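Those sequence lines, one after another, are chains A and B. As numbered in our numbering, residues 361 to 479 make up the first sequence, in order. As numbered in our numbering, residues 436 to 550 make up the second sequence, in order. Where is the CB? At the ideal position from N, CA and C, for every residue including glycine. All of these numbers come straight from a predicted model, not from anything done at the bench.
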Amino acid sequence: EPEVTQTPSHQVTQMGQEVILRCVPISNHLYFYWYRQILGQKVEFLVSFYNNEISEKSEIFDDQFSVERPDGSNFTLKIRSTKLEDSAMYFCASRSVGTGYHSANQPQHFGDGTRLSIL
Amino acid sequence: AQKVTQAQTEISVVEKEDVTLDCVYETRDTTYYLFWYKQPPSGELVFLIRRNSFDEQNEISGRYSWNFQKSTSSFNFTITASQVVDSAVYFCALIIETSGSRLTFGEGTQLTVNP
Chain A
361 EPEVTQTPSH
371 QVTQMGQEVI
381 LRCVPISNHL
391 YFYWYRQILG
401 QKVEFLVSFY
411 NNEISEKSEI
421 FDDQFSVERP
431 DGSNFTLKIR
441 STKLEDSAMY
451 FCASRSVGTG
461 YHSANQPQHF
471 GDGTRLSIL
Chain B
436 AQKVTQAQTE
446 ISVVEKEDVT
456 LDCVYETRDT
466 TYYLFWYKQP
476 PSGELVFLIR
486 RNSFDEQNEI
496 SGRYSWNFQK
506 STSSFNFTIT
516 ASQVVDSAVY
526 FCALIIETSG
536 SRLTFGEGTQ
546 LTVNP
């Protein structure tokens, strides 16, 4: 079964450094997402991406964050200057377009996550 | 604004017991979609089920069933004859039609199934 893959599985970075988290969505999916989960807490939406642009972002997704689809398969999340509070599990997800009016109900399929630890 | 509440922080059952996980949601929208995801100890998020606000019937899928009650804004999830492998954190989540397709998650319920 097709799946979303994320690399690396664990990233350790010094505070203030830039980090890039990588994702390969399911091949025929066109909507891409990043979520994060601080240890022991709920999963929080960061950003959604469609047709090569951000379609929605949360208040968490400030100027230090950016996303990019550099080629036909990868989807990346960059954190420019990491802070201690950026330590979390970051999940990439993708979904298909679906048919009809209610396409937003297509299930989002998640990768295994990247555990980001900021020292 | 939308919100999802899972009041049960932890549930512990013995194998083969049935267990129901509660979920209450808040939205003013009339069109919305509800989901359950499972997060096993390995950490990944696994999609389980989806329910549209306009669906008429509750459903059963194998050992999983769900009870959607619009009148009480609840979307409860039941596992029949629980197994040790069902031990995980279960998240209820909501998408409202007018707010793009962001998932709003509840706090999660830690289910432990003991042998």
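Alpha carbon of residue 504(B) to alpha carbon of residue 510(B), nearest angstrom: Position 69 of the second sequence holds residue 504(B). Position 75 of the second sequence holds residue 510(B). Distance between the alpha carbons of residue 504(B) and residue 510(B) is about 6 Å.
Inter-residue spacing [alpha-carbon to alpha-carbon] between residue 536(B) and residue 413(A): By 1-based counting over the second sequence, the position of residue 536(B) is 101. By 1-based counting over the first sequence, the position of residue 413(A) is 53. Computed Cα separation, rounded: 15 Å.
Test: residue 389(A) CB closer than 8 Å to a CB of chain B: Position 29 of the first sequence, counted from the first residue, corresponds to residue 389(A). Output row for residue 389(A): interface = no.
Alpha carbon of residue 495(B) to alpha carbon of residue 363(A), nearest angstrom: Along the second sequence, one-based indexing puts residue 495(B) at 60. Along the first sequence, one-based indexing puts residue 363(A) at 3. So the two alpha carbons sit approximately 25 Å from each other.
Residue 437(B) vs residue 508(B) beta-carbon contact at 8 Å: Position 2 of the second sequence, counting from 1, holds the residue named residue 437(B). Position 73 of the second sequence, counting from 1, holds the residue named residue 508(B). No.
Chain-ordered residues of the segment 373 to 406 of chain A with a beta carbon less than 7 Å from chain B: Cβ contacts with chain B come from 391, 402, 403, 405.
Interface partners of residue 479(B) on chain A, CB under 7 Å: Counting from one through the second sequence, the residue named residue 479(B) turns up at place 44. Residue 479(B) reaches chain A at 470, 472, 473, counting residues in chain order whose Cβ is nearer than 7 Å.
Residue 458(B) and residue 512(B) closer than 8 Å at C-beta: Mapped onto the second sequence, residue 458(B) falls at position 23. Mapped onto the second sequence, residue 512(B) falls at position 77. Judged by their CB atoms, residue 458(B) and residue 512(B) are nearer to each other than the 8 Å cut-off.
Contacts of residue 451(A) in chain B (Cβ-Cβ under 8 Å): By one-based count along the first sequence, residue 451(A) stands at place 91. Correct list: 480.
Residue burial classification, residue 446(A) (beta-carbon count within 10 angstroms, cutoff 16): As a working mapping, residue 446(A) is identified with position 86 in the first sequence. By the neighbour-count criterion, in which 16 or more other beta carbons inside 10 Å mark a residue as buried, residue 446(A) falls on the buried side.
Within-8 Å CB hit, residue 448(A) to chain B: Against the first sequence, residue 448(A) aligns to sequence position 88. No, because no Cβ of chain B sits closer than 8 Å to the Cβ of residue 448(A).
Proximity below 8 Å, CB of residue 442(A) to CB of residue 366(A): Position 82 of the first sequence, counting from 1, holds the residue named residue 442(A). Position 6 of the first sequence, counting from 1, holds the residue named residue 366(A). Contact check for residue 442(A) against residue 366(A) fails: the beta carbons are separated by 8 Å or more.
The segment 459 to 466 of chain B in contact with the segment 392 to 400 of chain A per 3-pair CB rule at 8 Å: Contact between the segment 459 to 466 of chain B and the segment 392 to 400 of chain A is absent, with fewer than three C-beta pairs closer than 8 Å.
Three-state class that DSSP yields for residue 505(B) in the structure shown: The count along the second sequence starts at 1 and reaches residue 505(B) at position 70. Residue state, collapsed to three classes: helix.
Chain-ordered neighbours of residue 538(B) on chain A, where CB pairs are closer than 9 Å: Position 103 of the second sequence, counting from 1, holds the residue named residue 538(B). Result: 393, 395, 403, 405, 453, 468.
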